[in-house]
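**Student:** Dropping a structure here in structure tokens format, bear with me for questions.
Residue numbers (the UniProt record's numbering): 1 to 167.
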């Protein structure tokens, strides 16, 4: 694809990411292709074989965000076998998203305009969130003088709610 080659050759990573995103957004199927000489017995053996881009042929979801959840809608391709089929809608869990992001190769990360050293895609999902336990968190003074009644800040109070809900 000449537009893709032009986008990958851009030196500015932000422009490269934006251009690749614009090229890939309307695609709803990961197109698989057959090599130029695989299905044709009459082709010239001296002709160079086009390299396959390795598409899987799967349909890609249309992703929508509702509150804090992501929903993917996979549209059914229109053919004779799937006349009455409905679009499949299911939640995209953080684990599913993390698995997809982990499968992105080093070369593809560069093509997207990201850095393998500082911005791998799977690093953009928080998997571990270190939080100090409630006894370690400092209490605050209610009257502001440091002498009066002591209490907890909002974050410590909410952390206690989470611990009670999961405990």
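Ideal placement from N, C-alpha and C gives every residue a C-beta, glycine not left out.
#1: Please name the residue in 112, 123, 61 whose C-alpha comes closest to that of residue 13.
#2: Considering only residues of the same chain and omitting the five flanking positions on each side of residue 57, which have a CB-CB separation below 8 Å?
#3: In the structure shown, what three-state DSSP assignment does residue 99 receive?
#4: Less than 8 Å between the CB atoms is what I'm expecting for residue 169 and residue 152, so what's the real figure, rounded?
#5: Can you give me the C-alpha to C-alpha distance between residue 15 and residue 135, rounded to a whole angstrom?
#6: By alpha-carbon positions, which one of 11, 61, 147 ends up nearest to residue 26?
**Tutor:** Let's see:
#1: 112
#2: 29, 30, 31, 32
#3: helix
#4: No answer is possible for residue 169: the residues shown for the chain start at 1 and end at 167.
#5: 48 Å
#6: 61
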